[in-house]
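Undergrad:
In the numbering used here, the protein residues as written are 218 to 565.
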């Protein structure tokens with residue numbers, strides 16, 4: 218019998234997969250947990266959906282029912298099939314990060330959940346069965362500052378003495394073009410800085426990628442604005458902590474983990490006003506959030522200030538790490554989610 222089933226039905230390792238992988242090891246030490254679907258790093262070996270249904274066909278010892286925690290439309294459908302068609306004794310918890318108005322199907326699916334957890338106040342707006350707002354957290358042991366950032370950067374093998382990075386899919390919604398534009402304006406004044414675009418473009422975004430490369434070539438910066446592609450998840454923490462600043466400039470982001478991973482690594486961010494970025498930054502002590510209507514010049518100016526003032530960069534780096542540990546640790550998230558499980562079980 219399993220007390221808790223956590224689903225991961227997407228074969229690709231996405232942002233949702235990453236947030237799931239951070240929580241499962243913590244809850245696996247507390248509950249009889251089964252991961253259903255595809256494997257996740259650092260998590261128990263997965264079982265099939267059929268096996269997950271078998272493990273929750275009867276209430277687990279000492280519990281009135283098992284809980285299935287889902288995070289995608291396909292996972293909501295699978296859990297509803299188990300609860301409403303097969304009549305298994307389960308309750309369904311769904312985590313939502315989206316701040317946009319969902320289409321009819323996900324709205325209907327969310328309306329059938331037993332409890333919703335929102336990752337931010339914005340994501341909570343208008344959602345049914347909301348139990349709590351629990352921010353996604355970052356593993357502050359895995360993501361930690363470099364002992365010596367200059368040495369860490371040299372170890373990456375990339376040119377220059379310092380690095381700036383944008384992390385994520387190469388596509389318009391992620392604002393990769395905005396990052397390239399800022400770098401084309403900024404880097405001529407900072408000869409020791411190399412900019413990295415860490416991500417891949419989907420087939421439908423290949424022309425977009427080529428336009429970015431053409432812009433970089435036209436600026437004469439092909440050796441300083443690099444496209445290394447997607448970096449394997451185990452290698453990302455070391456690369457992030459080697460950077461001086463992260464620059465996430467998406468046009469839309471439901472939540473956004475990249476700034477938090479940087480903050481935990483002692484790397485501040487300059488970001489667009491989306492997701493939970495403003496909350497991460499606090500009173501601009503952990504990062505700088507620029508306005509949408511003057512994004513490129515403001516991002517350029519903020520980066521120029523940080524790269525030109527070593528004392529300011531050092532201070533904001535220390536503050537970023539402290540804020541991540543204090544406010545956005547994965548341990549806080551794990552406790553917040555567990556409180557929802559316990560409340561459901563107590564209600565019977």
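All residues carry an ideal CB built from backbone N, CA and C; glycine is no exception. Since this is a predicted model, take the numbers as computed values, not measurements.
For the beta strand (DSSP E) containing residue 225, name the first residue and the last one.
TA: Within the chain shown, numbered from 1, the residue matching residue 225 stands at position 8. Residue 225 -> beta strand (DSSP E) spans 221-225.
Undergrad: Counting along the chain, where does the beta strand (DSSP E) carrying residue 404 start and finish?
TA: Position 187 of the chain shown holds residue 404. That residue, residue 404, is in no beta strand (DSSP E); it is neither H nor E in DSSP.
Undergrad: Are the stretch 218-225 and the stretch 242-261 touching by the rule of at least three beta carbon pairs closer than 8 Å?
TA: Result yes; three or more Cβ-Cβ pairs closer than 8 Å.
Undergrad: Just checking my contact of residue 361 with residue 556 at CB under 8 Å: how many whole Å lie between their CB atoms?
TA: As a position in the chain shown, residue 361 is number 144, starting the count at 1. As a position in the chain shown, residue 556 is number 339, starting the count at 1. Not really, about 27 Å apart at Cβ, beyond 8 Å.
Undergrad: Write down every uninterrupted run of the alpha helix (DSSP H) in the stretch 269-325 whose length is 4 residues or greater and which is fully enclosed by it, in chain order.
TA: Segments of the alpha helix (DSSP H) lying fully in the stretch 269-325: 290-297.
Undergrad: Give every residue of the same chain whose Cβ lies closer than 7 Å to the Cβ of residue 344, excluding the five residues on either side of it in the sequence, and list them in chain order.
TA: Along the chain shown, read from residue 1 onward, the residue named residue 344 stands at position 127. Cβ within range, chain order: 313, 327, 333 and 335.
Undergrad: Where does residue 393 sit, in a helix, a strand or coil, going by DSSP?
TA: Counting from one through the chain shown, the residue named residue 393 turns up at place 176. The answer is helix: DSSP assigns residue 393 an H, G or I state.
Undergrad: Hey, residue 297 and residue 329 are a contact pair by Cβ (cut 8 Å); roughly how many whole angstroms apart?
TA: Position 80 of the chain shown, counted from the first residue, corresponds to residue 297. Position 112 of the chain shown, counted from the first residue, corresponds to residue 329. The pair is a contact, with the Cβ atoms about 6 Å apart (cut-off 8 Å).
Undergrad: Let's see if you can read the secondary structure: which residues bound the alpha helix (DSSP H) around residue 533?
TA: Counting from one through the chain shown, the residue named residue 533 turns up at place 316. Residues 527-544.
Undergrad: Please classify residue 420 as buried or exposed, where buried requires at least 16 neighbouring CB atoms within 10 angstroms.
TA: Within the chain shown, numbered from 1, the residue matching residue 420 stands at position 203. With fewer than 16 other Cβ atoms within 10 Å, it is exposed.
Undergrad: Tell me the DSSP secondary structure of residue 388 in three-state form.
TA: Counting from 1 along the chain shown, the entry for residue 388 is found at position 171. Residue 388 falls in the coil class under three-state DSSP.
Undergrad: Please give the ranges of any beta strand (DSSP E) in the stretch 441-498, keeping only runs that are unbroken, at least 3 residues long and fully inside the region.
TA: For the stretch 441-498, whole beta strand (DSSP E) runs of length 3 or above, ordered along the chain, are 486-488.
Undergrad: If I follow the unbroken alpha helix (DSSP H) through residue 551, where does it start and stop?
TA: Counted from its first residue, the chain shown places residue 551 at position 334. Start and end: 547-564.
Undergrad: With distances taken Cα to Cα, identify the nearest neighbour of residue 493 among 478, 473 and 509.
TA: As a working note, residue 493 is residue 276 in the chain shown. When only C-alpha atoms are compared, the closest one is 473.
Undergrad: Would you give the residue range spanned by the beta strand (DSSP E) that residue 348 belongs to?
TA: Residue mapping note: residue 348 aligns to position 131 of the chain shown, counting from 1. Counting along the chain, the beta strand (DSSP E) containing residue 348 begins and ends at 347-350.
Undergrad: Contact between the stretch 427-445 and the stretch 463-473: three or more CB pairs below 8 Å?
TA: The stretch 427-445 vs the stretch 463-473: no contact.
Undergrad: Going by CA-CA distance only, name the one from 488, 565, 290 and 425 that's closest to residue 321.
TA: For the purposes of this step, residue 321 is identified with residue 104 of the chain shown, where counting begins at 1. Per the Cα distances, 290.
Undergrad: Is the beta carbon of residue 270 sitting closer than 8 Å to the one on residue 251?
TA: In the chain shown, residue 270 corresponds to position 53, counting from 1. In the chain shown, residue 251 corresponds to position 34, counting from 1. No; because the gap between Cβ atoms is not below 8 Å, this pair is not in contact.
Undergrad: To which residues of the same chain is residue 445 closer than 7 Å at the C-beta, ignoring the five residues directly before and after it?
TA: One-based indexing of the chain shown puts residue 445 at position 228. So the list reads 413 and 415, once near-sequence residues are dropped.
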